[in-house]
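S.K.:
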Amino acid sequence: MVNGEVKQLPKVFNSEEELVEFLKEVVNKALKDPDYASKFNGNDKVILTVDLKKLGIRKDGIDVVEFVFLKEKGGNSYYLKTAYPKAGSAVAKYVSTIGRWVS
Amino acid sequence: MPVERIVIKGEHIYFEVGLGWFEGAEVYWPFPVILLFDNHVLVGECWTPAGGKLQGTYTDPLIVLDGLIFGLEEIITPGVSEHCCSRSRELAKDMGFNVAENSPISYASLAIQSEVFFERIGDSVKIHYYNGLLEGTDCPEYKGKHKGTVEVPLIEFGEDVLRVFGEYLERHYKRVEEVRQEAYGYNRMDEYKLYLKQYLEDLEDWKTLKEKLKVSENK
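Chains as they are written, first to last, in the numbering used here: chain A, 8 to 110; chain B, 43 to 261.
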């Protein structure tokens with residue numbers, strides 16, 4: 008589900024597998040929530056902004072994950088195009104030019 | 043890989059994207075972006091060891107574009123897109139912004155630590171922003187400038203967002219995706235048609251809104 012090569016992982020995850028498992032968990036839970044499931048209303052593109060607290064998922068430092076789904080051509084199912092953390096204290100940034108973390 | 047820059051300017055908006063492969067970037071935040079509204083830095087940062095000039099924050103230009111579009115749509119047709127959360131108002135209040143009780147309000151996170159609320163108040167749009175990366179700046183001219191509210195006339199806001207949207211699609215979308223493919227091994231070309239469709243719809247809705255505003259002005 009992760010596009011291309013993950014060059015740098017957020018420090019919350021220890022491996023790409025862990026990241027993928029996490030994303031899967033979030034998506035599956037989100038789809039069970041009517042607020043999120045209802046966003047799949049037939050539009051060709053669906054952007055799901057998922058509040059982890061709302062789903063009862065605890066992941067230190069990440070509060071919101073955004074998923075971009077596109078509809079399969081000629082079908083009714085969607086595939087995940089891209090996903091990214093949107094907010095949270097661990098969504099920090101290592102500013103390499105000054106050599107320290109900023110959160 | 044040579045670095046290119048894309049710049050789109052409106053009356054209030056300044057939108058700049060750096061294209062290339064960058065050491066500090068992530069696959070989902072590939073390019074440095076600067077987004078200004080009347081010199082308020084919604085997306086961007088400044089560090090003296092890096093030269094002391096305003097520089098882009100790594101994000102996806104499409105995330106920024108989405109944020110602007112959702113903001114515009116919420117303002118044109120409140121409640122229809124309701125991007126992110128029904129808790130936008132609550133969120134804005136929690137962050138210390140002075141927002142009204144029933145105004146159309148949309149929330150978007152445009153980049154790491156960049157939170158923006160677009161609120162329609164009558165014929166104006168209030169842009170409440172918090173730029174967490176600018177909060178930690180060591181550039182003296184940007185200290186204290188990381189949070190605020192900018193108010194712009196509704197008409198100008200709409201024209202600006204549609205201008206950025208349209209120009210990005212027409213002149214830059216494909217090029218950005220070419221560079222993304224080269225640098226990161228994937229691209230978002232399959233969303234181009236969807237953005238185009240959205241743009242044309244938003245243009246129509248905007249025209250309708252402008253007509254309505256003219257009519258109510260003439261009453």
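All residues carry an ideal CB built from backbone N, CA and C; glycine is no exception.
1. If contact is defined by three or more beta carbon pairs under 8 angstroms, each pair taking one atom from either stretch, is the segment 238-249 of chain B in contact with the segment 72-90 of chain B?
2. Given this structure, state the Cα-to-Cα distance separating residue 32 of chain A from residue 41 of chain A, to the nearest angstrom.
3. Residue 195 of chain B to residue 202 of chain B, Cα distance in whole Å?
4. To the nearest angstrom, how far is it from the Cα of residue 199 of chain B to the Cα of residue 174 of chain B?
5. Would you list the one or two residues that DSSP bridges to residue 73 of chain A?
6. What is the DSSP secondary structure of residue 22 of chain A, reduced to helix, strand or coil?
7. Who are the neighbours of residue 232 of chain B on chain A, taking C-beta pairs under 7 angstroms?
8. For residue 204 of chain B, collect the residues of the same chain with a Cβ closer than 8 angstroms to its Cβ; drop the 5 residues on either side in sequence, then sort them by chain order.
9. Under a three-way DSSP split, which group does residue 204 of chain B fall into?
10. When burial is assigned at 16 or more other CB atoms within 10 Å of the CB, is residue 250 of chain B buried or exposed?
11. Would the beta-carbon of residue 176 of chain B fall within 8 angstroms of that of residue 106 of chain B?
12. Could you tell me the distance, in whole angstroms, from the CA atom of residue 140 of chain B to the CA atom of residue 80 of chain A?
13. Specify whether the segment 44-55 of chain A and the segment 23-30 of chain A touch according to this definition: at least 3 beta carbon pairs, one from each stretch, less than 8 angstroms apart.
14. Please classify residue 73 of chain A as buried or exposed, where buried requires at least 16 neighbouring CB atoms within 10 angstroms.
15. Tell me whether residue 157 of chain B is buried or exposed, calling it buried when 16 or more other Cβ atoms sit within 10 Å of its Cβ.
16. Starting from residue 260 of chain B and walking both ways along the alpha helix (DSSP H), at which residues does that stretch end?
17. Return the residue from the list A:25, A:55, A:24 and A:23 that minimises the CA-CA distance to residue 37 of chain A.
18. Using DSSP's beta-bridge definition, name the partner residues of residue 194 of chain B.
19. Starting from the beta carbon of residue 108 of chain B, find every residue of chain A whose beta carbon is closer than 7 angstroms, and list them in chain order.
20. If you draw a straight line from the C-alpha of residue 82 of chain A to the C-alpha of residue 89 of chain A, how long is it?
21. If you drop the 5 nearest sequence neighbours on each side, which residues of the same chain put their C-beta closer than 6 angstroms to that of residue 52 of chain A?
22. For residue 248 of chain B and chain A, any beta-carbon pair shorter than 8 angstroms?
23. Should residue 10 of chain A be flagged as near chain B, meaning a C-beta pair shorter than 8 angstroms?
M.R.: Let me lay it out:
1. No: fewer than three Cβ pairs fall under 8 angstroms.
2. Position 25 of the first sequence, counting from 1, holds the residue named residue 32 of chain A. Position 34 of the first sequence, counting from 1, holds the residue named residue 41 of chain A. Taking the straight line joining both Cα atoms gives about 16 angstroms.
3. For this step, residue 195 of chain B is matched to residue 153 along the second sequence. For this step, residue 202 of chain B is matched to residue 160 along the second sequence. Between the C-alpha atoms of residue 195 of chain B and residue 202 of chain B there is a straight-line separation of about 11 angstroms.
4. Mapped onto the second sequence, residue 199 of chain B falls at position 157. Mapped onto the second sequence, residue 174 of chain B falls at position 132. Taking the straight line from one Cα to the other gives about 24 angstroms.
5. Within the first sequence, the letter at position 66 stands for residue 73 of chain A. According to DSSP, residue 73 of chain A bridges with A:56 and A:91.
6. Position 15 of the first sequence, counted from the start, is the residue given in the question as residue 22 of chain A. The answer is coil: DSSP assigns residue 22 of chain A none of H, G, I, E or B.
7. Position 190 of the second sequence, counting from 1, holds the residue named residue 232 of chain B. Counting only Cβ-Cβ distances below 7 angstroms, residue 232 of chain B has contacts in chain A at 77, in chain order.
8. Against the second sequence, residue 204 of chain B aligns to sequence position 162. Same-chain partners within the cutoff: 114, 241, 244, 245 and 248.
9. To locate residue 204 of chain B, count along the second sequence from 1; it is residue 162. In the three-state DSSP reduction, residue 204 of chain B falls in the helix class (H, G or I).
10. Position 208 of the second sequence holds residue 250 of chain B. Counting of Cβ neighbours within 10 angstroms places residue 250 of chain B among the exposed residues, the total staying below 16.
11. In the second sequence, the residue the question calls residue 176 of chain B occupies position 134. In the second sequence, the residue the question calls residue 106 of chain B occupies position 64. For the pair residue 176 of chain B and residue 106 of chain B, the CB atoms are not nearer than the 8 angstroms cut-off.
12. Within the second sequence, numbered from 1, the residue matching residue 140 of chain B stands at position 98. Within the first sequence, numbered from 1, the residue matching residue 80 of chain A stands at position 73. Using only the alpha carbons, I get a separation of about 44 angstroms.
13. Not touching, per the Cβ criterion.
14. Counted from its first residue, the first sequence places residue 73 of chain A at position 66. In the assembly as shown, residue 73 of chain A is a buried residue. Its beta-carbon has 16 or more other beta-carbons within 10 Å.
15. One-based indexing of the second sequence puts residue 157 of chain B at position 115. Using a 10 angstroms sphere on the CB of residue 157 of chain B, the tally of other CB atoms reaches 16 or more, which defines it as buried.
16. As a working note, residue 260 of chain B is residue 218 in the second sequence. If you look at residue 260 of chain B, you'll find it in the alpha helix (DSSP H) that goes 234-260.
17. Taking the first residue of the first sequence as 1, we reach residue 37 of chain A at position 30. Cα-wise, what sits closest to residue 37 of chain A is A:55.
18. Within the second sequence, the letter at position 152 stands for residue 194 of chain B. B:167, per the DSSP bridge assignment.
19. One-based indexing of the second sequence puts residue 108 of chain B at position 66. Here the neighbours are 54.
20. Your numbering for residue 82 of chain A matches position 75 in the first sequence. Your numbering for residue 89 of chain A matches position 82 in the first sequence. Computed Cα separation, rounded: 19 angstroms.
21. In the first sequence, the residue the question calls residue 52 of chain A occupies position 45. A distance below 6 angstroms between beta-carbons, with the five flanking residues on each side excluded, links residue 52 of chain A to the following residues of its chain, in chain order: 77.
22. Taking the second sequence and counting its residues from 1, one reaches residue 248 of chain B at position 206. Chain A, which has no Cβ nearer than 8 angstroms to the Cβ of residue 248 of chain B, makes this no.
23. The sequence position of residue 10 of chain A within the first sequence is 3, counting from 1. Bear in mind that a pLDDT of 42 at residue 10 of chain A, under 50, signals an unreliable position, so the number given afterwards is only what the model happens to contain. The beta carbon of residue 10 of chain A sits closer than 8 angstroms to some beta carbon of chain B.
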